[in-house]
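Set out below in structure tokens:
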């Protein structure tokens, strides 16, 4: 018999349930007897021993369900080694609970921060298998993460809706897409939605180039312009600041987000009316798209297979169209970013999309 | 032969094209010869004689298309009697262009402001037929406006997405729904999305009652709470202010909108994390829902029928499941609001929804 | 304390769960103590005493869920008075189970057949409250049934998809829409999807008129034609047959359904390629649309109110924009059909839609 | 200046317009002057010299539009060398028209059959660049084709809808998914929709194994079973027949398609009610999904790049996450099938999905 722990950590996204269902279906079909211990609300559940025993039925009908049946929370890695407000050593507590339940391993679903902690637990001797969850698609070691394509769909829907209203009013519209550090989501949703200008963290923008692109459209008789702007878009000047300086600048900014600053600058320099729309957390929610359901199920089943074979210390990833196991130490702490020279960026430019660079 | 002018004014919404297609299809099928003059960008097109001749082909394939093929703009009624920056008398200019083109009538699609100007043009002797367009469903004289149900669908989609993420994180979430003056959209999207608390302009809220409702859910073991808050939601104290006083208060407010103020107060008084999502202009855009397509087509065809009979000075509306013609003077300047005693409000309360009152 | 039975009968549809949730939320919020007995698989559950006690939690999160958590089955009214294969008197068995559980009343959700049996149970002394469920919108006594608008959405989606492919290939396409006896669904989906020809049971068609309409489109340069055809569409000649004669004719027909027969005739007489698509049972499934969620919740809450007041023997319906209680004896056995002279039919014709009549 | 011909051939699919827009946007943005000759209705347009000059405006706003603005038709490769009914040599006619218009090259969008003819034209000396369009994803030389993911989305939607109704009624349901020769679409939609049994052409099924899988679900208490069955699913016995024998068997079959035969056999052997749903041509239609929009745009832009460089005789494909040019002679006449040993098939089996083998 196998005793498997499971938890979802970090911001939630689509297909978390699909992935967990995949793990459990694979284990159940194997003939091996398994007990599933679902820790509630991310690492918190593991720290404080808050869990539920889960049966096959708990995983039935959740393939299409957004969110996570286990709940989740953000537990910043930089605080993980610090005792909590009651002096409890979090890492020791997690080890203790893991050992107390005599777990064979723990399956952890999460993004970047989550993987740092997962790798730490591995170093501490726990048997860990992870699955790459994030709408940002910024996890190192895998070409794709689940949640990403579903988020692209929702952000694209938003751009589609804005398109008709922008065209009717002849306006400049900014759709702010999630992504503080990387631009995959903005880039893909922008291309899918037919955005004219795409601003992402990896390619700092020059506001004059942005305005040039808008005015070039004007001259061609296009009455409106759509910008897809990542939360973490940054201007060329700001990109020269140190991280600390930039943080402080942001704090003092009168704008709720970078998009509003871009909007203000365009409005000021061109006199045109600019509107901002922020689909926000909707991008994390709702039913996973078919792509993510298949992808997460496949990863889940492969995680199940690793567990059956007793191979631990890996993230199940996707590379060159193959599902692979990636050592956790290779994943943790690295970010997969959009290269300004990436083929897809070049193609976007060939399509006439401006990056303001 | 009939010479028909046509324009769309005010904020755009779904099914404007469907409605215009309905008018033109009806006229074309009647055997009567017609010429369609499409004025561009709302009343501005009529004022400055900016129009396009439209053929049947222009209306083909637009049933499902959001926005308006004529473009639109906001032309505030209170400025309509004032000359423009070049001293042009707008009303006279509109009359002149109407007469110059020897129009038999003009079809005007719009909401509240639009109808005030439409009624003025009627008083000035123009033959006017109007169609009730607005996502707010606040037009007097009709039970329903097109655009409304499509906007409900989009706002509900947003709440659905937020639902899964709110549940996963155990958070309080506010979805800000369009509607500065009336709450139909928020009320319906809130009920459809399973919101726990709905705040609308017509029912001023008491923040303590709102918090009570959240805490009652906590006690029942519900980890999360969803609020659907109209842009124009107002607290009981603020409702006591004069319009002018309230406007000034809003100006000085540190919050981008009322939703953020509600969020801040809940956070402050309960210590809970509260997030705000603003689907914003997406609610006006995208393809009209099937309900709106049928409804707008029906209204359009009845407008065509009125034109064929030479009956002018009416809005084509919908009352008690019948399509009716409503004299423009009855429509203009009135607002159809949600009564705090309305059956649907009582039903929402029976379902356990709090209005914070 | 109230002891409430509940069952869903007949073909399933969207918003059954939303309606039941509405009833239960209303009862729970009233302060009254209630016990809910959910009978499984329609009347069968009541006949054989197959039920589950349901708590508030069972109704949480089901607002957006298609199908019915109670299961359903078809129990034809004409067999209800006949003993089952083991000689059990069904009506007596239902009464016995009702009395054994000391129910205060039973809430029955269903369509036409269901209402006949519900009325019979009322005559037999049971306290019955019903809710109008059907994608066909053919229930007497209510302007609208839940499930209808969701089905319109799905059928319209199908027509939308067919539209692009029909246009690309220049083909004649038939989309067969559910509805053996009435044409509301086909009429509305057809209008929403921009169908050129709509065939419904209430308006027998003349195949030559249908072909005429196709050829008229050809002449106008329209490369393709879309027909929305109800399952129960009938030709003028067939409409002259007795019910029995027609049934026999159908049995001997080489075509899987009327749509295929229409397709074959068009193909034969015009030489054009005709394709048939049958969305079928998908029209009953999936998440209810926002309209249905609000509508079903409202009806459910009003049913709860009736129960609290002890008013039994009614269907909760919707008439002239008000929610009303309709005596069951008025509902049972009657069909709400599309009148060939209905305003909406006239409007459809004004839009250039042919009914082949 | 470049003179570019363009045509779309074979069954239409989503993102054809997006791909053509990609080519044209790339060419327009390059600064090079181009003339676009759009041949109508596939190869027919090239054979009979039926074309339209296209401007940049024709490609504006079509990113999200299903179908093809050029129209399409099926021109079987095996007939391409035969003269038409008027004795016209098709290949010569195509060459003549190509030369008459002094084309620099012709861009051809299509699937398997289309590529055979495209390769023939290349052999005949025409400059050809092709793009891989098909919902079947069965083109050799590319990991992915556009149209595929959109079709997966629609087929999955259908399965989702059927899921709720199957569960409510406790029925066995078959959803017939497009694919006469290959099973990619059925496999992916089946996995995404949570189908319990998937039957595809590449893995012949044993009806007893299928029934076993249904009965195993029964025993586990699952009231319903969903089968995703490809149009070209084949039983183990039938797979032993020669192609000709099987064709004749199909001709004599009393069933409209294999799905109905499978349904009849299950019904007969188990006594269970089995329903079949055929989403059919809807799978080809409607707006392309965001994935396909991005993918088709990228391929289109790369095709534009090849044209600018004067590199002809290639299909633009996608391999190991890179966009590549594949010599046409490598593509033509080969089929990319699902291997019964493919990882994804193994994973599906690990998830408990039966292939009836």
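Chains as they are written, first to last, in this note's numbering: chain A, 1 to 357; chain B, 1001 to 1357; chain C, 2001 to 2357; chain D, 3001 to 3357. We treat Cβ as the ideally placed atom computed from N, Cα and C, and that holds for glycine.
- Euclidean distance between Cα positions of residue 1170 of chain B and residue 1224 of chain B: 5 Å
- Task: Quick one: measure Cβ to Cβ for residue 283 of chain A and residue 154 of chain A, integer angstroms, because I've assumed they're closer than 8 Å.
- Result: 5 Å
- Query: Applying the criterion that 16 or more other CB atoms from any shown protein chain within 10 Å of the CB defines a buried residue, is residue 3149 of chain D buried or exposed?
  - Reply: buried
- Rounded distance between the beta-carbons of residue 2189 of chain C and residue 2228 of chain C, thought under 8 Å: 6 Å
- Query: Residues of chain B with a CB under 9 Å from the CB of residue 2302 of chain C: which are they?
  - Reply: 1343, 1347 and 1350
- Message: Check this for me: beta carbons of residue 1129 of chain B and residue 1121 of chain B, under 7 Å apart or not?
- Response: no
- If you measure from the beta carbon of residue 1152 of chain B to each beta carbon in chain C, is any gap under 7 Å? yes
- Message: Please report whether the beta-carbon of residue 373 of chain A lies at a distance below 7 Å from any beta-carbon of chain D.
- Response: The structure shown has nothing for residue 373 of chain A, since chain A only spans 1 to 357.
- Neighbouring residues, chain B, relative to residue 2297 of chain C (Cβ below 7 Å): 1191 and 1351
- Message: Just to check my reading of the structure: residue 2207 of chain C and residue 2104 of chain C have Cβ atoms closer than 8 Å, yes? What is that Cβ distance to the nearest angstrom?
- Response: About 55 Å separates the two Cβ atoms, so there is no contact after all.
- residue 1279 of chain B burial status per 10 Å Cβ neighbour count (16 or more: buried): buried
- Message: Considering just the uninterrupted stretch of the beta strand (DSSP E) at residue 1175 of chain B, what are its terminal residues?
- Response: 1172-1177
- Query: Got a sec, what are the start and stop residues for the alpha helix (DSSP H) residue 2113 of chain C sits in?
  - Reply: 2112-2123
- Message: Considering Cα atoms alone, identify which of C:2080, C:2270, C:2338 and C:2024 is closest to residue 1352 of chain B.
- Response: C:2024
- Kindly list, in the order they appear in chain D, the residues whose Cβ is closer than 7 Å to that of residue 2158 of chain C. 3282
- Item | Closer than 7 Å to chain A by CB, residue 1012 of chain B | yes
- According to DSSP, is residue 398 of chain A helix, strand or coil? In the structure as shown, chain A begins at 1 and stops at 357. Residue 398 of chain A is therefore absent and cannot be evaluated.
- With 7 Å set as the bound, which would you pick, yes or no: does the beta-carbon of residue 278 of chain A sit closer than that to a beta-carbon of chain E? Structure shown: chain E not included; protein chains present are A, B, C and D.
- Return the CA-CA distance between residue 1301 of chain B and residue 3179 of chain D, expressed in angstroms with no decimal places. 42 Å
- In DSSP terms, what residue 2230 of chain C is bridged to: C:2177
- In terms of residue numbering, what span does the alpha helix (DSSP H) encompassing residue 1217 of chain B cover? 1207-1219
- Query: So, helix, strand or coil for residue 1261 of chain B, using DSSP?
  - Reply: helix
- In angstroms, rounded to a whole number, what distance separates the CA positions of residue 1214 of chain B and residue 2055 of chain C? 21 Å
- Query: Quick one: is residue 1137 of chain B near chain C, going by C-beta distance under 7 Å?
  - Reply: no
- Which whole-angstrom value describes the C-beta separation of residue 53 of chain A and residue 37 of chain A, a residue pair presumed to lie in contact below a C-beta threshold of 8 Å? 6 Å
- Does the separation of the CB atoms of residue 1040 of chain B and residue 1071 of chain B fall below 7 Å? yes
- Task: Can you have a look at residue 2343 of chain C and say buried or exposed, based on whether 16 or more other CB atoms are within 10 angstroms of its CB?
- Result: exposed
- Chain-ordered chain C contacts of residue 1320 of chain B [CB-CB under 7 Å]: 2320 and 2321
- Item | Neighbourhood of residue 2202 of chain C by C-beta, 8 Å cutoff - its chain only, sequence neighbours within 5 removed | 2182, 2183, 2337, 2338, 2339 and 2340
- Task: Could you check the C-alpha separation between residue 134 of chain A and residue 111 of chain A for me, to the nearest Å?
- Result: 5 Å
- Item | Unbroken alpha helix (DSSP H) run spanning residue 191 of chain A, endpoints | 184-193
- With a 10 Å radius around its C-beta and 16 neighbouring C-beta atoms as the bar for buried, classify residue 347 of chain A as buried or exposed. buried
- Rounded C-alpha distance that separates residue 2216 of chain C from residue 2172 of chain C: 13 Å
- Message: Taking the beta strand (DSSP E) that residue 1035 of chain B belongs to, which residues open and close that run?
- Response: 1034-1039
- Starting from the N-terminal side, write out each stretch of the beta strand (DSSP E) that is 3 residues or longer and does not extend beyond the stretch 1269-1328 of chain B. 1274-1277, 1314-1319 and 1322-1327
- Between the stretch 3177-3211 of chain D and chain A, which residues of the former have CB atoms less than 8 Å from a CB of the latter, in chain order? 3188, 3189, 3191, 3192, 3193 and 3194
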